[in-house]
Structure formats: C-alpha cells, structure tokens
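The structure under discussion appears below in the form of structure tokens.
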Amino acid sequence: MKTTNTADTGAKGRQAWRRRGFIFAFLAPTVIAFTVFYLYPIITVVLTSFCKWDYTNITSPEFLGFKDMFNNYKYIFSTYPYFWEALRNSSLWAFLGVFLQIPVATLIALAFSRKMRGVKLVRNIYIIPNMISSAAMGMIFLQLYSPLYGIVNPIIQVFEEGFTENILLLKGPAFWALTGAYIFFTGTTTLLILGNIMAVPQEVREAAMLDGASGLKQDWYIVLPMIKDTLRTVSILAATGSFLIYNEVYFLTKGAAGTYSISYIIRELAITSPRTQFGRANTVAVVQILAGLVIIVLVNLLYSISFRRKHGSGEGGRK
Amino acid sequence: MKKQKPIKTISTATRIFTYICLAWALLVSLVPIVWLVMSSFKEDPLARPGFMLPESICLDGYISTFRDLHVMRYFGNSMWIAGVSVIVSMLMISMSAYVVARMEFKGKKIVSMMLYSTMFIPATALTYPVYNLVNRLNIYDTRAALIMIYACSGIAVSFIVIRNYYGNIPKELEEAARIDGCGYVQTWWRVIFPIARPGILTAAVLAFFNNWNEYYWASLVIIDRNKMTVPALLSTFTTAFRTNYNGLFSAMVVIILPPIILYCVFNKFFVEALSGGAVKG
Amino acid sequence: MKRRWISGVLTVAMGAALLAGCGEKPAEQTGTGTGAEGGAAVEGTETASTPAAESGEVLEFYHGYYHDESEWPAAKVMRDIYDEFASAHADGPVTFKPIAVEDRDQIVSVQVAGGNFPDMVDCGTPLPQAAISQGLVYDLKPFIDENNLQDAVGINYTQNDVDGHIYTVHDQVESRGIWYNKAVLEKAGVTAEDLTTWEGFGSAMESVRGLGDGTYGYAAGQGSLFMLNAMLASSEEGKALLGSELTVDAIESEAFAEAFKKTAEFDQANGSDHTTEDVGNLMADFNTSGTAAVLFNGVWNASGIDAGLADSIEPAIFPGNVSLSTAGAGLSVANGMSEEKTQLALEFIEYMTSAEVQAKIFTGVQANPCNTTLDLNKLAEESGDPITMKLADACAQVNAAETIVVNLNSVWGADVGNAIINALMESAVSGTDIDERFELLKQELTALIG
C-alpha cells in the first residue's frame, strides 16, 4: 500500500502508530483498573437506583417500571427522614473543607516555608496525626469529648459554670465537635501545598522583594497566585473528602443530635437496616456521585473567578 | 547559596504570625498524640482521665499487645500488602499520568475526568460488585485480593500528585532525549521517571499511609486471621463484653508507630519531593 | 544501575504478589457454596480449580470467638468445645473445621447478597431476611422434632419459629435484667424493693442524684432502649407490639408513646453527661468505680464486676416483674449441602445444646444456656465460684420473671432501635421538649418501615 510513499512519510506514519501504541499501552492498566473497580460499580449503582432491590430479591434486582422508576428517589427525597439532614451536613462539611481547612493548611504551609528555627521539627510533628486512621482518631476524640473523663467539658466549664451536658448530644455543638475531630489535621494537604510553595523560583521572590513585597504581602500577591493550581486541587480533595465523612459519625454520634452524613445513611440503608435497602442506598449513592461532580465544578469556578481578580489587583499593586 | 538573606528580610509581624501558626500546628498535632501515649501508660485510663499524669507506668497493654496478639505477623501482612499494592499502583499511575500530562490525544479530557471522579465514589457503593469480582477471580480470602483492591483504589490522589509533578518538568528535557534517539518508553523510563521520583515517592508514601490504615476492605475480603492487617488489632480490643482501655490505647500507639518511623526514615525523600530541587537542575 | 535495580525489584515484587495470591488459594479453599443459581456457577469453577479436594468434605463453621484467652477467657472455652467436637469426628467422612472470624455477620450479609450462605455459622446479629426468603438456610425444625430436642433448644423453639420453620438455634440466651449497687442505694436511703415499680425506680434515681458526690443513676443511651423495652412489656398492648414487626399502628399506639416519654423523662433527669450510644463506654463506672447505682446489662455482666464491688452488686429484673430474654440468632446451617455435611451440622447442633456442653457454657462462658433441663443453681454451687453463683442468681430471676419479652431490636430491626436510641439520647439534654422529639421520632419510624 505504502510503496509509493516516500520514506519520510512512511517513517512519520510509523511514528504516529508508535505514539498511539505508547499512549494506549501506558493508559491501559489504569483504564482497566478504573473500569473494573469504578466504572462497572458506578453503572450498577445508577441502574439499580431505579430498581426494587431489597431483602426480598437480593440476588435479582427488579426494574421498577417506567411509570414508577423514580420511586426510590421519591422515597429518599420526601419520605426518608435523614436524607436532607445528611445532605446539609455533608455539604456544610464540604464547604468547610474549602473555606476553613484549606486556608488553615495554607497558612501553616506558608509558616513552614519560612526558614526559621524550629520549623523543621514542627513540620515533622504536624504530619503525625495523619498517620492515625480516622477510626482510631474517632476513638481518641470520643474520650476527649467525654463529659465525665474528657478534656473538653472542663474547658467549657471555665466559661459556663455548672455545664454538665454531653456536647456530642447537643444539636449544633455536636456537629462542630465532629468537625473539630478531623478538620485541623491537614498534615498531608499542608505538605502538598508546601511542596509547591518551595517550588516558587527564588528569582521571583527576589524580584518581589525589590518591589517592596515581603513576608505576608509577598505570600498574598506572589506566592498564592503561583500555586493556585495546587490550591484548587487540594480544595477539591478536601471538599470531596469532607463530603464523604463516615468514620467520625460512626464513632462519635451514630447520627444522633443531627449529625447524619451521606455516607452514613448509605450504610444505614444498605447494611444496618434489616430490610436491606440496596436500591434506596444506591439512590443516595447516585446523589453522592452527582454532588461530587457539582463540588468539582463549583471549586473550579471559585478559583477561576477569585484568582482572576487577585491577579488583577496584584498587578495594580505593582504599578 | 543565599541562605542567609531570607532570614534578615522576615519582618517582626511576619515572624510573630509565623510563630502563631507554628504554635497552633504543634498544639493541634500534639494534643491527641500526647493524650494517647499518656493514656496507654495508665493502668486504668478512665480513673485518671484527661492529662493527669499516670500514677505509675503500666506497660501491661504493650506487653499483651506483643505477646498475645502476634503483632509481628500483622505487621508483616500489612507491610507486604500495603507495600506491594503501592508499588503496583505507582507504576500504573505514573505511566498513565505521564501520558495525560505530556501528550495530546483524543479522549484525554475523558480519561482525566474519569480518574478524578474516583475521588467521590463511596466504598459502600463498590462493596458488592467488587466482592463478587474477588470471588469470581478466585482470590477471596487471600492477600492478593487486598493488594488488588488497594492498588486500584485511591487512584485520584496519586494521579493528581504525580501529574502535577510531571507538569513541572521542563519539556526541553524530553525533547533532548528524543533527539538523542530515545523511544517513548525509553524517554519516560530513563529521563522522566527518575526526575519525577520525588513526586512519585510523595504519592507512594501517601498511598502507603492510606493502605496501612484501611480496615473496611480488609475486614471484608480477608477472613483468615493469619492474613489480617494491623487495623484488625484495633477491633480485637473493642469487644462487646469488656473494654480494655489500657490495652486499646497501647495497641493504638503500636499501630501508629511504624508509619511514623517510616516517615522519619523517608523524611529526606519528602523534603526532596517538596523542594522540587531535582526539577530545576 | 540504580534504575535497573528498581525495575528488578518491581518485577520481583509483582511476580511475588501474583504468586502469593495464586499459591495460597488452594490451601484455604472457601467452600462457601450452596443455594441460588448465580452463586452455583461460581462455586462450581472454584471447586474444579482446586487440586483434589482431598477426597473428604469439609464443614466450615464460622464463629466469633477469636479473642485471646488473656483478653476474654470465655472465647477459649468455646473454642475448646468446638475443637472437641472436631476431634471426635476427625475420622468421619466430613471434617469439621471451626474458623474464628472477627466479623461473622458481615461475612453472612455479603455472602447472602451474592446468593450464598456459609456452611455453618454462629450468627451474631439477626439472620438476614433475605437469606430466608431466598431459601439459603436449612430448616432445623424437623430435626428438632424428630429427636425431641425441644427442651434442649429451649426458648429457641418458640422465639425462632418463623411460620413453622426454625432457621437458627442460639446455644446461649441473651437475657437481660438490671444490676444494682446495694451500697449506693443504701447511702441514698432506698432499697432494692423500690426498684420493683417504675415510680419507685424514678424516685430512687432521684435520691441517688441527691447524694451530690458525683454518683449518678445509670448509663443511659443504649441502655435506655432496654428500659423502654421493659416498660412496653408492662402493658398488654405493649407486649402485643413486641410480638410482631413494627407497624404504623404500633408507632401511633398509646403504649409506645408512654414507654418512650417515661424513659425519656428518666433519661433527662439522669443527665446527658451519663448518656452514651455504647453502654461499654460507661460500664466501668458501675462495675469498677461504683459511681453508678444501676446498670442495664445482660446476666453476663456477672463476670465484669470488680472484685472489690462483688459484695454490693446484685442482679434483679426490671420493675414490673419483667425480664428480656432473646434467643436471637445463633447456629445456622446452609441449605442444599451434601447429606453427610448436613448430617454433621445437625449433629453439631445437638452437641451444642446437650446438657453436658450447656453446663460448660454456663460455668465457662458465663452465659445463660438455652437448655432448660439444667439446674443452674446446683451447677453454680458445684463450681463454688462466686461469680458463677451470681450469674446463676441472675439467670434464675430472669427465667422466673412474670413477663418475659424479646429484645426489641430483634423484632423491630436495628435501624428502628438506633432511631429510638438517638431520640432518647437527644432527649437527655436538659430542656429538650420530649413530646416534640417523640413526634419527630414517629415520623422517622414511619418512614423507616415504609
């Protein structure tokens, strides 16, 4: 076929094929893993959310029929008592992930980036809590929050004498107690951010310094815009991770005092319920997957808007 | 070589602010740890709660953790399972991340979206399909099952870390290698992979921590206690009938110790990965 | 050099991982399979791939007694009982293989989801309804009837009867009453006599709180569910509710409302700082430090009492002469196994409920045995062990109660139980409007059963 072609185009064609082959070969393992481990289950989840699938027909999910196909959704949205509470909590946790966890992580990363005494030691210590599984952490905090043995109630008693309630049972405080049990352990996130801060070229910093931007000002105008891609990524990680919170709920409250989370109700429906509601659990899972997509879009949007503005103001400052 | 210069230029305000941040970081990370370690030395942690010093140091929990629970066996299992799965997944992901980071092809957007999407898929949703798969592959109740699951899970985080690292590597390096006559595979293996090693190591250590602490899948696909991983230790202490807090806390200290030691050993690689020095060269 | 070294390591590691996976399989064959069509195909290939299943069959038996002896001696006693059976049948056509696992119920639920059932399992939580509706579980009733084992299986015979079938036999009865600290009550100026009515109980708790030395009434939360459970049993209407699955009528009933509100009032007076979703968190206050007056726990708590408090802690039944006794789920056998395997499984159930083994369970495991022919007090005296005597006392009182009802969780489901516990825990916070919370709970429960 290619006999008439010049050697040059033949080589190019071969080159293109080789390139394609390389791309294919290098992507294949990950794509296969994805397909087997994620795609297939996701499809199952979505399809079965339209099925009657509970203890009566556990091996053979049954399509609800076109007329009733949204029955599970109707049940979850309007009848199931914990769904909205769980969605609100999980969303709020996702929000806090972006607006509390990431700023804290960034501030600490900036602190770690300064060449001051003690930084290295603190940095090494700071990562330790992240090595404790969230299950173990949940157990530790259960003890810290205990009204009889813990360390939190004595602190509250300084401000409010005679306070004897169990804060894990108070609507409102319980939510924040759960939040406090995980949100400040940003070790890995901080390290990821720190890595990128350190990668900011020294020349850029020096140039900024000549312009009179040092310390916090430099961080704000020069460093942050330069690491915005990383910030966006860790924000997405923090938001989705917080949205999926399960262990904290399980170990601290079991959903009492308004602390249900989306992951927790999925397990409640699928496992804890003696009526084994797989179909309905998967309906919640679909909501969870969609929420994840929404989170990614929102965080991306947030970063493209806020950094466009910041970039502008940064330039203004330099003039 | 300008090491001295930044120190001089840090203003007092920045300095104070930095120390506040450091103090906060120290407080947050030490409170649970110190509390845990202190409690593990108390004979009855509930009798002397909070940060009360132990009356006398009680090592019973540690002794029984090592004597009765065959911790070394669990450590061996965990090391093996977490280690092998990390190697497999790092190899897999550093390959695909390279292609996505450096090459243009149809469907690139879809591939990255796919991999990102793995972040928010709940394990509960995966449970039954994956369990059935494990059964069908005939690897139920084997370490291989867990290795497979760990290698495939947590794709997103590793992918992001490694891809970002690739993104920082100057394109010229590759071009030079290509001009020298390296093929695609060679370019990646000889030039890019070694340079990206710190980034891959960071991802590997993160993944290792995750796998080390994972319990949900471990409890699901492994039945034989001889093959169980370390987090299984925790659950053996929380029985419905009695609560051995001294033992529980001791076991928890023992569980978190190896990752900490590992971190100290690999600290240099972390710094290397973080400073990004290799890329600039 | 370095690169080659790394790649070498990678290859070796991956190869080893594969080998580890494949190599271990034949040794640890999980002969799970029976039952539905879907599973059968999979199981078929599984057995085929095993190099010669060593001619003889294996009956695998999953149980939850994995604990080290130093941690929970009873686990060792149970394992010994199993091993004795195994060695007695070592020469038979089928090998009996007990396997200790941590999460037997998860194994059951996951296998059932795949249309399988373990050969034999000692369930911890109620048998999934799906297992029964799919016909995965063997009906034990004909065997019990043929061999006149009614007394041996005791309360199982009535409580675990599902439309004329018995799918599970628990060798121990989950029996619950209350435990009280005599010394604490005395100090507060009340006696055990006061705990025989709910009114008396309420004022007794108030007196205990009045001591003002940090001593409190009881660990509420998970424990309060048993209180509510017992209160339901004190009216005919409530007792009927516990006889069947939860219905909308039951949720709206007077008896349920009364039981919830009364319990919630007690809990609120008791204080949210003594409220926990896991009673184990506060158990030491009662058993070790003696700072709680009452504990809602099973008869097995006898073995948890600190030696220093052994003289002051006594068992009793709930006010209103009520006790909770639940057979619950226990030994269950897969349907459709080979005749020899089924035969051995049935023989094992007969063995476990025999007077000889039941006596061992009573003295060694410190549990209420299901076999009703045993004379517990005599056994306890023979043993001469004060803990066992306390246990015998507790069991005897529970068994002799005027009203014996089943644990609410086992008829209404754990999700319903959790919802009630959460509502009770929230009501324990002072100032909570109990009526309002109850209305909310009614909505929750109605939705849960829908």
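Protein chains in written order, with the working numbering: chain A, 1 to 319; chain B, 1001 to 1281; chain C, 2001 to 2450.
Beta carbons are placed, not taken as given, at the ideal position from N, Cα and C, and that holds for glycine.
- With 16 or more other CB atoms across the displayed protein chains lying within 10 angstroms of its CB, glutamate 2174(C) is buried.
- Every unbroken stretch of the beta strand (DSSP E) spanning 3 or more residues and falling wholly within the region 2073-2149 of chain C is given here in chain order: 2094-2100 and 2120-2122.
- Counted as a single uninterrupted DSSP element, the stretch harbouring isoleucine 2421(C) is not any beta strand (DSSP E) but the alpha helix (DSSP H) occupying residues 2414-2427.
- Shown in chain order are the members of the region 2101-2114 of chain C whose Cβ falls below 8 Å from a Cβ of chain B: Val2101, Glu2102, Asp2103, Gln2106, Ile2107, Val2110, Ala2113 and Gly2114.
- Identification of residues in the region 78-112 of chain A having a C-beta nearer than 7 Å to some C-beta of chain B yields Leu107, Ile108 and Ala111, given in sequence order.
- The continuous alpha helix (DSSP H) containing leucine 142(A) extends over residues 134-144.
- Counting along the chain, isoleucine 155(A) sits inside no beta strand (DSSP E); it lies in the alpha helix (DSSP H) bounded by residues 152-159.
- By the criterion of a C-beta distance shorter than 8 Å, glutamate 2102(C) is surrounded in its chain by Gly2064 and Tyr2066, once the five residues flanking it on both sides are discounted.
- DSSP, read as helix, strand or coil, puts lysine 254(A) in coil.
- Distances from the alpha-carbon of valine 2110(C) to those of Ile108(A), Leu121(A) and Tyr55(A) put Tyr55(A) closest.
- Interface with chain C (8 Å Cβ-Cβ cutoff): asparagine 1132(B) is included.
- Contact annotation: glycine 258(A) and lysine 171(A) have beta-carbon atoms nearer than 8 Å.
- Cβ proximity to chain C below 7 Å picks out Pro1194, Ser1219 and Leu1220 from the region 1192-1222 of chain B.
- Taking tyrosine 1216(B) as reference, the option from Ile296(A), Thr190(A) and Ser134(A) with the minimal CA-CA separation is Ser134(A).
- In this chain, the alpha helix (DSSP H) harbouring isoleucine 265(A) covers 262-267.
- Straight across, the Cα-Cα distance linking lysine 1042(B) with tyrosine 1062(B) is about 11 Å.
- In the three-state scheme derived from DSSP, where H, G and I count as helix and E and B as strand, tyrosine 2180(C) is classed as strand.
- According to the DSSP secondary-structure assignment, lysine 52(A) is paired through a beta bridge with Glu62(A).
- For glutamate 2071(C), no beta strand (DSSP E) run applies, since DSSP gives it neither H nor E.
- Rounded to the nearest whole angstrom, the CA to CA distance from leucine 1036(B) to isoleucine 266(A) is 31 Å.
- Residues of the region 2120-2140 of chain C with a C-beta atom less than 8 Å from some C-beta of chain A are Pro2126, Pro2128, Gln2129, Ala2130, Ser2133 and Gln2134, listed in chain order.
- Taking all protein chains in view, the Cβ of valine 2299(C) is crowded by 16 or more other Cβ atoms within 10 Å, so the residue is classified as buried.
- Within its own chain, the residues whose Cβ lies closer than 8 Å to the Cβ of phenylalanine 1266(B), once the five positions on either side in sequence are excluded, are Leu1201 and Val1205, listed in chain order.
- If you compare the alpha carbons of Asn153(A), Ile167(A) and Leu252(A) with that of glutamate 161(A), the shortest gap goes to Asn153(A).
- Taking C-beta separations shorter than 7 Å and ignoring five residues to either side along the sequence, the partners of glycine 1199(B) in its chain run Val1161, Ile1162, Tyr1165 and Ala1273, following chain order.
- The beta carbons of valine 2279(C) and glycine 2223(C) sit about 5 Å from each other, so the pair counts as a contact at 8 Å.
- Taking a Cβ-Cβ threshold of 8 Å, the residues of chain A close to glutamate 2277(C) are Thr253, Lys254 and Ala256, in chain order.
- No residue range can be given for tyrosine 2065(C), since it is assigned to no beta strand (DSSP E) and is classified by DSSP as neither H nor E.
- Non-local C-beta neighbours of arginine 1143(B) in its own chain, meaning closer than 6 Å and more than five positions away in sequence, comprise Ile1081 and Lys1227, ordered along the chain.
- Residue pairing by DSSP puts tyrosine 2216(C) in a beta bridge opposite Ala2292(C).
- A residue is called buried once 16 or more other Cβ atoms fall within 10 Å of its Cβ, and glutamate 2426(C) is buried on that count.
- Identification of chain B residues near isoleucine 2099(C) by a Cβ-Cβ cut-off of 8 Å yields Ile1223 and Asp1224, ordered along the chain.
- In this structure the region 183-192 of chain A touches the region 122-131 of chain A; the number of beta carbon pairs closer than 8 Å is three or more.
- In this structure the region 218-236 of chain A does not touch the region 76-86 of chain A; the number of beta carbon pairs closer than 8 Å is below three.
- The Cβ atoms of alanine 2334(C) and tyrosine 2180(C) do not sit closer than 8 Å to each other.
- Contact check between the region 1085-1105 of chain B and the region 28-36 of chain A: three or more CB pairs, one atom from each, fall below 8 Å, which counts as touching.
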